[in-house]
Amino acid sequence: MRLTFADGDDIELKANRLREACKCAHCTRARIDGVFPEQFDDIKIGQFSFMGGYAINIAFSDGHARGIYPWAFLVGLSDARIDIQD
Ligand SMILES: [Zn+2]
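Numbered per the working numbering, the sequence shown finishes at 123, counting up by one with no gaps.
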């Protein structure tokens, strides 16, 4: 997924990274219970919709569609990825 912001920032995020970072109640609970998958191979973004101009809701190919990703959170995810590459 590629996002281009009005200020010119351009970030790219892979579906598995977004899926791993899902902060919905279901995934948060799964992490606490230790049953959250460590990785999501072959996951794809099914569709996404805008949430009131501050976030997007992403539906993944595994059927999970509860994740809400505010813009700042998405930018943070991409920064983390860049840090790892440095
Ligand atoms: Zn989730």
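Every residue gets a Cβ at the ideal spot worked out from N, C-alpha and C, and that includes glycine.
Here Arg68 carries a helix assignment [DSSP, helix/strand/coil]. With a threshold of 7 angstroms, the Cβ atom of Arg103 counts as near ligand 1, since some heavy atom of the ligand is closer than that. Annotation for Ala92: the continuous beta strand (DSSP E) segment containing it runs Ala92 to Phe97. Taking a C-beta distance under 8 angstroms as the contact criterion, Gln84 and Asn53 do not qualify as a contact pair.
Contact between the segment 101 to 113 and the segment 67 to 74 is absent: fewer than 3 CB-CB pairs across the two stretches fall below 8 angstroms. Judged by DSSP secondary structure, Arg39 falls within the beta strand (DSSP E) whose first and last residues are Arg39 to Thr41.
Between Phe87 and Ile95, the C-beta gap is not smaller than 8 angstroms, which leaves the two residues out of contact.
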